[in-house]
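Trainee: Got a structure for you, questions after.
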Amino acid sequence: MNERPMSHEQAIDLAAGFVLGALDPADEAAVREHLLTCSLSHDEFADLGGVVGYLAETVEQVEPPPALRDRIMAAAAADLASRGAGAQPAAAPSPAIPFPSAGERAERTARARTSRLGWAMRIAAVVAIVVLGGWNLLLQGQLSNSQAFDRAVAAVIDVGARPGSQTVVLAAQPGSTANGIGAVAPDGSVVMAMRDLPATAGTQVYEAWVIVPEAAPVAVGGFTVGSNGTAAFTTKPVATPPGSTIALTLEPTPGSTAPLGPIVAAGVSAAPKT
Amino acid sequence: MNDQFGPRGRVASAADDADRAVLDLVAAGQLDALQELYDKYRTMAYSIALRITADASLAEDVVQDAFLGAWRNAARYVEGKGSVKTWLLSIVHHRAVDAVRRRRPTVELPDREAVPPAAMTLPDIWPEVAGNIDRQEIAAALTSLSDVQREALELAYFGGLTQQEIAIRTGTPLGTVKSRIRLGLLAMRRSLVGGDDGGDSPDAGRGALA
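What follows is the structure in structure tokens.
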């Protein structure tokens with residue numbers, strides 16, 4: 001449409017279709033562009049457009065189900081929470097996530113394997129549980145994208161609103177656009193709502209980690225993601241005091257006991273301020 | 275803006291002012307204000323979404339998307355270009371039409387929309403030509419249309435069809451469909467504002483362009 005700007009006469013000819021929303025997307029965009037740039041009178045649009053709203057009032061009035069309000073308010077609350085998170089990276093582009101770089105990670109992994117045998121055993125047990133599917137994993141890949149995410153967010157808010165819970169904003173890390181929010185339940189499980197995750201392929205899984213300061217990452221569950229890029233899931237409960245980092249990595253195979261892949265999103269848990 | 279729209283639109287009422295005050299609070303991130311707005315317009319929003327989608331679950335999604343769109347874009351609502359009610363209604367309408375168009379065969383949902391098209395969140399709206407008119411008067415205005423005009427308007431507004439699709443559906447030349455839609459809207463306008471508005475000729479709008 002930019003190659004061939006719409007003439008004023010063409011725009012006027014499409015006015016009725018435009019105000020009714022009955023143009024194909026290309027024409028609609030061209031008319032909108034014209035309205036923004038043309039200084040001639042567009043009274044035709046006002047004359048016709050001022051009528052359209054009344055058409056809606058001829059419709060039989062039906063009350064929406066009460067639960068819809070809760071869904072909308074939950075989604076708006078989550079949006080509000082993510083605005084706060086969005087403002088932080090603007091001030092400090094890469095939030096300080098106490099997560100080791102690749103080199104440090106290898107070093108730490110080696111250290112962890114030797115000096116934290118008990119921890120490794122615990123992780124092995126977790127992995128076994130994961131493989132057996134004995135943990136709460138909820139994927140909603142079949143739902144439409146934003147709908148799935150909104151519902152996941154509602155679940156996070158439910159958990160986050162409980163006394164003793166913490167919240168965490170999972171901000172995208174360098175090279176990633178994935179983001180989401182999570183709530184740490186009093187039992188240490190993390191309920192997450194993630195979006196814009198690239199789809200997993202082959203044996204790839206997203207692995208969630210809880211990193212208590214000065215301790216090695218603890219794998220708390222993995223999941224795959226379909227083309228809609230959203231995920232809702234609940235991790236295995238582990239001790240997660242406020243100030244813990246919650247991170248998601250993309251792992252080549254399930255069952256990693258130390259993060260190998262890149263961090264796609266991470267954040268630090270905190271008790272809600274009241 | 276008033277120079278352009280004032281004579282053609284109506285004067286803002288106290289109810290509009292109240293809505294704008296609420297919308298200001300919505301823009302400021304007040305959840306209570308959003309709930310107030312929702313409670314005031316939920317029936318209108320859901321009814322139109324249900325009529326267009328003919329699917330209760332899809333209608334709920336449309337209403338949710340619309341109110342979240344309003345929540346995120348309240349600050350960009352342009353005063354003087356129609357009431358808050360019309361703005362909301364227009365958002366719901368766009369969302370609903372988009373939903374039914376996507377539902378049609380062979381149309382695959384794109385990945386989660388990163389940036390919604392402008393029309394989804396910032397639809398173009400115009401001031402209502404008359405005040406709050408009761409439903410009977412509106413129904414009466416609709417009866418002033420010819421059957422083919424009314425059919426074309428309903429297919430466009432409630433059916434989510436483009437003018438081109440209406441032409442195909444009804445086996446009517448596109449130019450005729452466009453004319454029916456335009457004349458239908460003008461007939462409604464005349465009926466709603468009364469005969470003294472200057473919109474007495476179907477070409478009044480065009481004449482103003484010269």
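Chain order of the listed sequences is W and C.
Using the working numbering, the letters of the first sequence correspond one by one to residues 1 to 274.
Using the working numbering, the letters of the second sequence correspond one by one to residues 275 to 484.
Cβ coordinates follow ideal geometry from the N, Cα and C atoms, glycine included.
In this text, all values refer to a predicted model and were calculated from it rather than measured experimentally.
#1: Output, in sequence order along the chain, the residues in the segment 38 to 50 of chain W whose CB is closer than 9 Å to any CB in chain C.
#2: Just to make sure I have the definition right: I need the residues of chain C whose C-beta is within less than 8 Å of the C-beta of residue 204 of chain W. Which are they?
#3: With distance defined between alpha-carbon atoms, name the residue in C:405, C:367, C:301 and C:356 nearest to residue 83 of chain W.
#4: Rounded to the nearest angstrom, what separates residue 232 of chain W and residue 445 of chain C at their Cα positions?
#5: How many angstroms separate the CA atom of residue 12 of chain W from the CA atom of residue 427 of chain C?
#6: Could one say the Cβ of residue 211 of chain W lies closer than 8 Å to chain C's Cβ atoms, at least one of them?
#7: By DSSP's criteria, residue 179 of chain W is part of a beta bridge. Which residues make up the other side?
#8: Within 10 Å of its beta-carbon, does residue 66 of chain W have 16 or more other beta-carbons around it, so buried, or fewer, so exposed?
#9: Report all residues from its chain with a CB closer than 6 Å to the CB of residue 207 of chain W; omit the five preceding and five following residues, and keep chain order.
#10: Helix, strand or coil for residue 248 of chain W per DSSP?
#11: Strictly under 8 Å for the Cβ-Cβ distance: is residue 365 of chain C near chain W by that measure?
#12: Helix or strand or just coil, what does DSSP make of residue 209 of chain W?
#13: Closer than 9 Å by beta-carbon distance: list the chain W residues that pair up with residue 452 of chain C, in chain order.
#14: Determine the contact status of residue 399 of chain C and residue 453 of chain C, defining contact as a CB-CB distance below 8 Å.
#15: Taking the C-alpha atoms as reference points, what is the distance between residue 420 of chain C and residue 335 of chain C?
#16: Is it the case that the Cβ atoms of residue 79 of chain W and residue 346 of chain C are separated by a distance below 8 Å?
#17: Using beta carbons (cut-off 8 Å, strictly below), is residue 71 of chain W in contact with chain C?
#18: Give the residues of chain W in contact with residue 316 of chain C, contact being defined as C-beta atoms less than 8 Å apart.
#19: Given a cut-off of 8 Å, decide if residue 238 of chain W and residue 193 of chain W are closer than it, judged by their beta-carbon atoms.
#20: Starting from the C-beta of residue 442 of chain C, find all residues in its chain whose C-beta is less than 6 Å away, skip the five residues before and the five after it, and write them out in chain order.
#21: Mind listing the chain W neighbours of residue 296 of chain C? Cutoff is C-beta to C-beta under 9 Å, in chain order.
#22: Could you tell me whether the segment 158 to 174 of chain W touches the segment 263 to 270 of chain W, where touching means 3 or more Cβ pairs closer than 8 Å?
#23: Which whole runs of the beta strand (DSSP E) in the segment 330 to 369 of chain C are 3 residues long or more, in chain order?
#24: Cutting at 6 Å between CB atoms, please list the residues of its own chain near residue 55 of chain W, excluding the five before and the five after it.
#25: At the 8 Å Cβ level, is residue 156 of chain W part of the contact set with chain C, yes or no?
#26: So residue 440 of chain C is in the alpha helix (DSSP H); what residue range does that whole segment cover?
#27: In angstroms, rounded to a whole number, what distance separates the CA positions of residue 332 of chain C and residue 149 of chain W?
#28: Is residue 436 of chain C near residue 402 of chain C, with beta carbons less than 8 Å apart?
#29: Any idea if residue 242 of chain W is buried or exposed, counting beta-carbon neighbours within 10 angstroms, 16 or more meaning buried?
#30: Against chain W, does residue 305 of chain C count as a neighbour if the rule is that its beta carbon must be under 8 Å from one of theirs?
#31: I want to see whether chain C comes within less than 8 Å of residue 259 of chain W, judged by CB atoms only; does it?
#32: Comparing alpha-carbon positions, which option in C:299, C:466 and C:407 lies nearest residue 349 of chain C?
#33: Got a sec: is the Cβ-Cβ distance from residue 58 of chain W to anything in chain C below 8 Å?
Mentor: Based on what the coordinates show:
#1: 40, 41, 42, 43, 44, 45, 46, 47, 48, 49 and 50
#2: The contacting residues do not exist; residue 204 of chain W stays about 18 Å from chain C at best.
#3: C:301
#4: 48 Å
#5: 18 Å
#6: no
#7: W:195
#8: exposed
#9: 219, 222, 249, 251 and 256
#10: strand
#11: no
#12: strand
#13: 13, 14, 16 and 17
#14: no
#15: 34 Å
#16: yes
#17: yes
#18: 63, 64, 68 and 69
#19: no
#20: none
#21: By Cβ distance, chain W contributes nothing, its closest Cβ being about 14 Å from residue 296 of chain C, past 9 Å.
#22: yes
#23: none
#24: none
#25: no
#26: 437 to 444
#27: 16 Å
#28: no
#29: exposed
#30: yes
#31: no
#32: C:299
#33: yes
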